[in-house]
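Residue numbers (this note's numbering), protein chains in the order written: chain A, 1 to 243; chain B, 1001 to 1238.
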């Protein structure tokens, strides 16, 4: 016995009653109070079988294991580098997780990553005290040269990437820019300046209209109006970076 | 002479007209605008973010830091010196205590959630308007919260119980009790209760019952402000 009081895929607010009865289980973002399941944050209600989930629409990035993100070097220490990753916590990349090359003791670590360098990194661990460990050993993890970084709402990243990377591929093909999307909301774009601007506008458009349907068509229309007909290569296989 | 007709013609239990909007300050992580009668409050939430000074960091939980400020031109005509005064410091503290029971900060050790409440125009009920705005702003910022917090003052003017006292009633030439209250609807708990004046216990309990109806109505307005922000021809995210 139990019934859903709110339709799936509607926006729910904290304290709103979502379901009644003992049939449903509160998952992330929802909690049980007596006979009801209430929303524990502002977000989109998604049902996963009997689990009630709330997908956030806003909120700063919270670091998660295995996320591939873009960070900026803010400190060089004896054994590694400290990164700013667009959230309340900084992250540490230690020497042994940075490269398989031999690094002599006391070597100048700025040769590898210097202050203000932007690097594609992967989170290997997040402790309960939110200490974050990174690695650059892995496909697609590297220092970024040139280009520019744009910050977006990290909750919109899945939409910007699209199913199997379809949305970001659309932008890459239309503008000819290299694009890497970090899960923390940092996006790296490298191409001709005027194409970079078009790519950024397309990304902002997706960010603002992510909850309206027909987005892919609108983005295609927008890109075609700015760049001409888009040539989609025959079979697009997804490079690791975007995931 | 008993106070039967309110100064602005409102009914006894009627609160002033409310306009509430979410997401009005683009730079903030969450924000809200809350106008009740002539009292206007803006709230901006930043966080969770790194907490400085470091000695304030708490490794077991995040902290909520509230800052209430009335702008120099907000009051009745005379310009007040800008900056925090004792009253503002106290209101900042009670705002923080009013909001703390609903937010879940265990997810953010060593971090801070900053709430700024600014009022460009006031006509009494400013701390309540600030709490209502701050609630909406915290939800807008995606902070995990059990519920929103609703707030409005109740009180008596010359023996008559009223809801939402405006400046004229607070300053009324007669016996006045002004009681700002913040309320959490899902648990029916009161997270702020202050009083200015004199009231009997029975009258206070009666006023609280009358207030409950108002708080439940106001929370609906706050919830709608959040939903309005995301309402577009009924379509969904992803």
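Cβ coordinates follow ideal geometry from the N, Cα and C atoms, glycine included. In this text, all values refer to a predicted model and were calculated from it rather than measured experimentally.
For residue 203 of chain A, the enclosing alpha helix (DSSP H) has its first and last residue at 193-209. Scanning its chain for C-beta atoms nearer than 6 Å, with the 5 sequence neighbours on each side dropped, one finds around residue 61 of chain A the residues 86, 87, 154, 184 and 185, in chain order. Scanning chain B for C-beta atoms nearer than 8 Å to the C-beta of residue 40 of chain A yields 1104, 1144, 1145 and 1146, reported in chain order. When C-beta distances to chain B are compared with 7 Å, the residues of the segment 119-136 of chain A below that value are 129 and 130, in chain order. Between the C-alpha atoms of residue 228 of chain A and residue 170 of chain A there is a straight-line separation of about 13 Å. Residue 30 of chain A has a beta carbon lying at 7 Å or more from every beta carbon in chain B.
Look at residue 1220 of chain B: its C-beta is not under 7 Å from any C-beta on chain A. Within the DSSP bridge table, the entry for residue 66 of chain A names no partner. Per DSSP, the continuous beta strand (DSSP E) segment holding residue 122 of chain A begins and ends at 118-126. Per the C-alpha coordinates, the member of A/119, A/10, A/51 and A/41 positioned closest to residue 26 of chain A is A/51. Taking 7 Å as the cut-off, the beta carbon of residue 1155 of chain B is found closer than this to the beta carbon of residue 1177 of chain B. Taking the Cα positions, residue 121 of chain A is about 34 Å away from residue 49 of chain A. For residue 36 of chain A, DSSP records a beta bridge to A/20 and A/33. Residue 187 of chain A is classed as buried because its beta carbon has at least 16 other beta carbons within 10 Å across all chains shown. Counting of Cβ neighbours within 10 angstroms places residue 104 of chain A among the exposed residues, the total staying below 16. The beta carbon of residue 181 of chain A does not come within 7 Å of any beta carbon belonging to chain B, so the residue lies off that interface. Judged by DSSP in its simplified three-state form, residue 1109 of chain B adopts coil rather than helix or strand. Chain-ordered listing is empty here: chain A has no CB closer than 7 Å to the CB of residue 1020 of chain B, the nearest sitting near 12 Å. By the Cβ criterion, the segment 1133-1144 of chain B is in contact with the segment 1102-1118 of chain B, since at least three pairs of Cβ atoms, one from each stretch, lie closer than 8 Å. Closest in C-alpha terms to residue 1137 of chain B, from the list B/1041, B/1159, B/1087 and B/1002, comes B/1041. With fewer than 16 neighbouring CB atoms inside 10 Å of its own CB, residue 1007 of chain B falls in the exposed class. Rounded to the nearest angstrom, the gap between the Cα atoms of residue 1002 of chain B and residue 1213 of chain B is 24 Å.
The segment 88-101 of chain A and the segment 156-167 of chain A do not touch, with fewer than three beta-carbon pairs separated by less than 8 Å. If you look at residue 1226 of chain B, you'll find it in the alpha helix (DSSP H) that goes 1201-1230. In this structure, A/58 is the residue among A/40, A/70, A/53 and A/58 with its C-alpha nearest to the C-alpha of residue 211 of chain A. Closest option to residue 1062 of chain B, judged by alpha-carbon separation, among B/1196, B/1113, B/1199 and B/1207: B/1113. Residue contact check for residue 88 of chain A against chain B: a CB pair falls below 7 Å. Counting only the Cα atoms, residue 1029 of chain B lies some 7 Å from residue 1047 of chain B. Here the alpha carbons of residue 1075 of chain B and residue 80 of chain A stand approximately 55 Å from one another. Of all residues in the segment 1182-1213 of chain B, those with a C-beta nearer than 9 Å to a C-beta of chain A are 1184, 1185, 1186 and 1187, reading in chain order. Residue pairing by DSSP places residue 130 of chain A in no beta bridge whatsoever. Using a C-beta cut-off of 8 Å, the segment 1005-1019 of chain B makes contact with the segment 1162-1171 of chain B, since at least three inter-stretch Cβ pairs fall below that distance. Per DSSP, residue 8 of chain A lies in no beta strand (DSSP E) and is assigned neither H nor E. When rounded, the separation of the alpha-carbon atoms in residue 1011 of chain B and residue 1171 of chain B is 19 Å. With a threshold of 7 Å between beta carbons, residue 152 of chain A makes no contact with chain B. Under a criterion of Cβ atoms nearer than 8 Å, the residues of chain B adjacent to residue 58 of chain A are, in order, 1029, 1030, 1140, 1141 and 1142.
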